[in-house]
Amino acid sequence: MITDTHFPAISPAMARDRFLLRDETWDNRFRPDFDQFIISSFEYARPVIKLPVPTGRTGNHALFLVTGGEVAIRIGHRAYTLTSPELAIVPAMQIFSIETIQENTTGYMCFVSPERLRTAVGPASFDFLKLTSQPVVSLTSPQTDYIANLLGRLSAEYYTHGSTRTDLIGPYLLTLMTEINQAYLGSVPPRISAGDQLVQRFMDVLPQRIRQSRAVTAYADWLNVTPNHLNKVLKARTGRSPSVWIDEHIVLEAKVLLFQSGLTVGQIAAELGFDDQSTFGKLFRKYVHLSPTAFRARHSQQND
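Residue numbering for the sequence shown follows my numbering, starting at 34 and increasing by one per position.
If you want it as structure tokens, here you go:
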């Protein structure tokens, strides 16, 4: 039986200890309640980040605003190269990795817990925080200025008081989310065709059901369509078949488990629905070009 504890999210404290170099600024970087809210400019953060940051998931929402330079990041199945002026939004529990951050990169990276965000925004909800949202938004010059100014103000508050001053951080977070929502809604074309709606429904179901089945027929049943129709629509609109999407998501989940859990490769194979470790290994090597054991060893060495 697959349990949520086998699909762990990296906590801010774990991320700090695994991905950052300890230096004389260590105490200043991690202010009170940093697990609920933490923010830094790229100029301040980059020198201490152990790159690349491996594939994983965090329980907090993440924002990356690039106003100069370049950041290479993977969110879910796709790779993105963020340049100015672009904003990447990684909802809590989304799988992502950071490949590179150019030395001259400017902007901000910010992590906020769902609990702290709910306190700030109340009943408001935002489409850009859904796991299946479009994660990268190109900004206009005025939008970039507004969002950068808000992140700058939040950064100043964080390094002065940590995230304990919710009377100030809360209103700024609400304003920030509202500005991002306006930019997001203006950049994402509405999906109105039946085919596009089916693709979105499949993408919604995939991360929810990936632990239950790898069979295209099962996904077709959950979506109340025939396997042939699902295959035809996904190939036409995404260029990939449902089976490829399923396999790629299995590999993403496997990467998370290999890095974030203490399960053996055999246990991971069983958790992901494989009858034997060999079949799991072949699928993993097909997409990663490394065995699961080699992948785990490589990333363990990088973050020692």
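Think of the CB as a built atom: it goes at the ideal place given N, C-alpha and C, for glycine as much as any other residue.
Can the beta-carbon of residue i be found closer than 7 Å to that of residue j?
i: Gln127; j: Leu164; result: yes
i: Gly140; j: Val99; result: yes
i: Val86; j: Phe63; result: no
i: Ile134; j: Arg79; result: yes
i: Gly203; j: Ala153; result: yes
i: Phe313; j: Ala330; result: no
i: Thr138; j: Val104; result: yes
i: Arg111; j: Ser130; result: no
i: Phe328; j: Leu267; result: no
i: Leu231; j: His282; result: no
i: Arg234; j: Leu256; result: yes
i: Arg318; j: Ser311; result: no
i: Phe161; j: Tyr252; result: no
i: Val284; j: Tyr320; result: yes
i: Ile243; j: Pro168; result: no
i: Gly228; j: Arg273; result: no
i: Phe159; j: Met210; result: yes
i: Phe70; j: Arg149; result: yes
Is it right to say residue i is buried, meaning 16 or more other beta carbons lie within 10 angstroms of its own, or is it exposed?
i: Val221; result: exposed
i: His94; result: buried
i: Thr326; result: exposed
i: Trp278; result: buried
i: Glu190; result: buried
i: Pro175; result: exposed
i: Asp178; result: exposed
i: Glu57; result: exposed
i: Lys288; result: buried
i: Asp68; result: buried
i: Gly89; result: buried
i: Arg151; result: exposed
i: Glu136; result: exposed
i: Gln241; result: exposed
i: His322; result: exposed
i: Glu119; result: buried
i: Glu286; result: buried
Using 8 Å for Cβ pairs, my map puts residue i next to residue j. What's the rounded Cβ distance?
i: Leu187; j: Ile180; result: Contact doesn't hold; Cβ gap of about 11 Å is too wide.
i: Phe166; j: Gly92; result: One point to set straight first is that residue 166 is Ser, not Phe, in the sequence displayed. With 8 Å as the limit, Ser166 and Gly92 do not qualify as a contact, their Cβ atoms being about 17 Å apart.
i: Leu115; j: Phe97; result: 6 Å
i: Leu201; j: Ile72; result: No, Leu201 and Ile72 are not in contact; Cβ-Cβ is about 13 Å, not under 8 Å.
i: Gln293; j: Ile43; result: 6 Å
Measuring from the CB of residue i, is there a heavy atom of the ligand PLP at a distance below 6 Å?
i: Pro260; result: Looking at this structure, you won't find the ligand PLP or any other ligand, since it has none at all.
What residue ranges within the segment 64-134 form continuous alpha helix (DSSP H) runs of no fewer than 4 residues, ordered along the chain? The alpha helix (DSSP H) runs lying completely inside the segment 64-134 and spanning 4 residues or more are 75-78, given in chain order.
Taking contact to mean 3 or more Cβ pairs, one atom from each stretch, closer than 8 Å, check whether the segment 191-200 and the segment 63-72 are in contact. yes
For the structure I just gave you, are there three or more beta carbon pairs, one from the segment 294-307 and one from the segment 244-251, closer than 8 Å? yes
Counting only runs that start and end within the segment 151-197, where is the alpha helix (DSSP H) found for 4 or more residues in a row? 174-194
Report the residue ranges of all alpha helix (DSSP H) runs contained in full by the segment 187-269; include only those spanning at least 4 residues, in chain order. 199-220, 227-242 and 249-256
Within the segment 271-337, ranges of the alpha helix (DSSP H) (whole runs, at least 4 residues): 275-293, 298-304, 310-321 and 325-335
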